[in-house]
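What follows is a single structure, written as structure tokens, with notes after it.
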Amino acid sequence: FLSLTYREQGINLKSYYYWQRKVRRAAGEKLPMIPNIEHGIATTETKPVFAEIKLSQCETALPAVTLRLNNAVLEIHNGAERSTIENTLQAFKSLC
């Protein structure tokens with residue numbers, strides 16, 4: 004839509020973006036800086052708050068299934084996709 008509009012009006016694309024940038028900056032300067040707590044938008048009037056986030060135990064979870072064959076070991080964790088399990092088992096089976 005934009006590409007047709009500026010061409011139809013005979014406006015250079017660089018000029019269009021230049022004036023768009025100027026208008027947006029001017030509009031932004033006139034807006035008051037008030038915190039919007041409802042939507043969680045931070046402004047320059049608010050101070051950052053940090054909280055410790057602990058890693059979940061699922062990252063170190065043991066595999067649900069472990070298959071061993073000679074020197075090959077196959078571990079399947081909960082949540083693995085069915086297609087991934089099927090393809091891996093086919094590859095593992097070819098080692099037998």
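Take 4 as the starting number for the sequence shown in our numbering and just add one per residue. Just so it is clear, CB atoms sit at the ideal spot from N, CA and C, and this is done for glycine as well. In this text, all values refer to a predicted model and were calculated from it rather than measured experimentally.
Residue i in three-state terms, based on DSSP
i	result
E1	One cannot answer for residue 1 here, as it falls past the ends of the chain, which runs 4 to 99.
L98	coil
L16	helix
L65	coil
A30	helix
Test item: CB-CB of residue i and residue j under 8 Å
i	j	result
T87	E78	no
A75	F53	no
Rounded C-alpha distance that separates residue i from residue j
i	j	result
K25	K57	44 Å
A67	L98	21 Å
First and last residue of the uninterrupted beta strand (DSSP E) at residue i
i	result
E78	75 to 79
F68	Just to set this straight, residue 68 is Val in the shown sequence, not Phe. Its beta strand (DSSP E) spans residues 68 to 72.
Candidates the options: closest to residue i by CA position
i	options	result
A64	E89, K17, G82, Y20	G82
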